[in-house]
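Trainee: To start, I am sharing the structure in question, which I have written as structure tokens.
Numbering (the numbering used here), first residue to last: 126 to 375.
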């Protein structure tokens with residue numbers, strides 16, 4: 126693992142991405158069966174490149190399909206099968222692709238309502254014939270839906286936290302107006318050329334799919350803030366433009 130930003134470590138990141146593809150290639154549910162998974166991890170030269178061009182060119186070519194019918198099918202596959210993986214499976218980027226509900230884009234864009242997802246989840250949880258692992262997974266899922274609403278309400282109650290520090294004691298800790306050094310570190314991050322394999326693999330996955338599990342989202346922001354010592358605002362805006370399921374409060 127290299128912390129030297131002048132040495133991207135592309136081959137290691139390539140291997141990390143390949144391992145991730147192996148883990149999700151067998152995901153046999155309503156999620157799209159992407160051609161890039163069957164074909165293997167693409168060459169680094171095909172996905173890396175000019176960091177400045179990434180946000181403008183972003184289209185998440187392997188994103189989930191849109192539409193209410195896709196969302197309903199995904200909800201059913203989660204409640205009837207994949208919820209069994211939820212507890213213990215949502216933290217790792219290798220298992221989260223199938224263990225997570227993957228409903229966030231449909232909730233964020235209104236294809237599914239939070240009310241119907243909660244009601245369907247509670248009905249499944251109350252079904253005596255449901256497997257214990259599924260009931261436990263659904264219970265954990267509903268708990269996180271509560272957290273989802275909590276953080277959205279937090280933003281609605283305190284709108285300024287969208288652009289300023291929640292804790293004002295951190296004001297001025299990092300430069301908000303970047304010079305060439307901060308800009309260079311940021312461009313390494315969004316080009317997936319930091320030299321940290323997990324970080325780079327997550328940036329590539331995000332660009333290709335528009336999705337990451339919650340721990341990897343937190344890891345990217347933490348890496349930008351602590352390892353690269355960047356003000357959180359610009360990395361936050363970059364991630365917002367990449368996420369297929371972006372919601373300001375989350």
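Idealized CB from N, CA, C, for every residue including glycine.
Would you mind reading off the limits of the alpha helix (DSSP H) that contains residue 291?
Mentor: Careful: residue 291 lies outside any alpha helix (DSSP H) and carries neither H nor E.
Trainee: Below 8 angstroms between beta carbons: does that hold for residue 276 and residue 215?
Mentor: Not in contact: residue 276 and residue 215 (Cβ atoms no closer than 8 angstroms).
Trainee: Return helix, strand or coil for residue 278, following the three-state DSSP convention.
Mentor: If DSSP states are grouped into helix, strand and coil, residue 278 belongs with the helices.
Trainee: Would residue 353 pass as a contact of residue 314 if the rule is Cβ separation under 8 angstroms?
Mentor: Yes, the Cβ-Cβ distance between residue 353 and residue 314 is below 8 angstroms.
Trainee: Rounding to the nearest angstrom, what Cα-Cα distance links residue 292 and residue 279 in this structure?
Mentor: Using only the alpha carbons, I get a separation of about 14 angstroms.
Trainee: Can you tell me whether DSSP reads residue 331 as helix, strand or coil?
Mentor: Three-state result, residue 331: helix.
Trainee: Flag this pair as touching only if the region 244-254 and the region 200-207 have three or more C-beta atom pairs under 8 angstroms; answer yes or no.
Mentor: Counting Cβ pairs under 8 angstroms, three or more are found: they touch.
Trainee: Whose C-beta lies closer than 7 angstroms to the C-beta of residue 341 among residues of the same chain, with five residues either side of it excluded?
Mentor: 218 and 327.
Trainee: Would you grab the beta carbon distance between residue 262 and residue 221 for me? Rounded to a whole angstrom, and I think it's under 8 angstroms.
Mentor: Contact flag wrong, Cβ pair sits at about 13 angstroms.
Trainee: Going straight from the alpha carbon of residue 377 to that of residue 331, what length do you get?
Mentor: The requested residue 377 does not occur in the structure, where the chain is confined to residues 126 to 375.
Trainee: Report the rounded CA-to-CA distance for residue 310 versus residue 319, giving the unit in angstroms.
Mentor: The straight-line gap from Cα to Cα measures roughly 8 angstroms.
Trainee: Whole-angstrom Cβ separation of residue 228 and residue 196, contact assumed at under 8 angstroms?
Mentor: Their Cβ separation, rounded to whole angstroms, is 7 angstroms, which keeps residue 228 and residue 196 in contact under 8 angstroms.
Trainee: Say whether chain C places a C-beta atom closer than 8 angstroms to the C-beta of residue 367.
Mentor: As a matter of chain content, chain C is missing from the structure shown, which is built from one protein chain.
Trainee: Can you tell me the Cα-Cα spacing of residue 134 and residue 329, whole angstroms?
Mentor: Here the model assigns residue 134 a pLDDT of 45, short of 50, so the residue's position is not dependable and the matter cannot be decided.
Trainee: For the candidate residues 359, 236, 211 and 223, whose alpha-carbon lies nearest to that of residue 191?
Mentor: Per the Cα distances, 236.
Trainee: With the cut-off set at 8 angstroms, would you say residue 373 and residue 287 are in Cβ contact?
Mentor: In this structure, residue 287 lies closer than 8 angstroms to residue 373 by Cβ.
Trainee: The ligand MG and residue 312: does any heavy atom of the ligand fall closer than 7 angstroms to the residue's C-beta?
Mentor: The model depicted lacks the ligand MG and carries no ligand whatsoever.
Trainee: Find the nearest neighbour of residue 297 within the set 184, 226, 344 and 357, judged by alpha-carbon distance.
Mentor: Selected option, being the one with the closest Cα: 357.
Trainee: Specify, as a first and last residue, the run of the alpha helix (DSSP H) that residue 299 falls within.
Mentor: Per DSSP, residue 299 belongs to no alpha helix (DSSP H) and is neither H nor E.
Trainee: By alpha-carbon positions, which one of 324, 334 and 365 ends up nearest to residue 347?
Mentor: Residue 347 has its Cα closest to that of 324, out of 324, 334 and 365.
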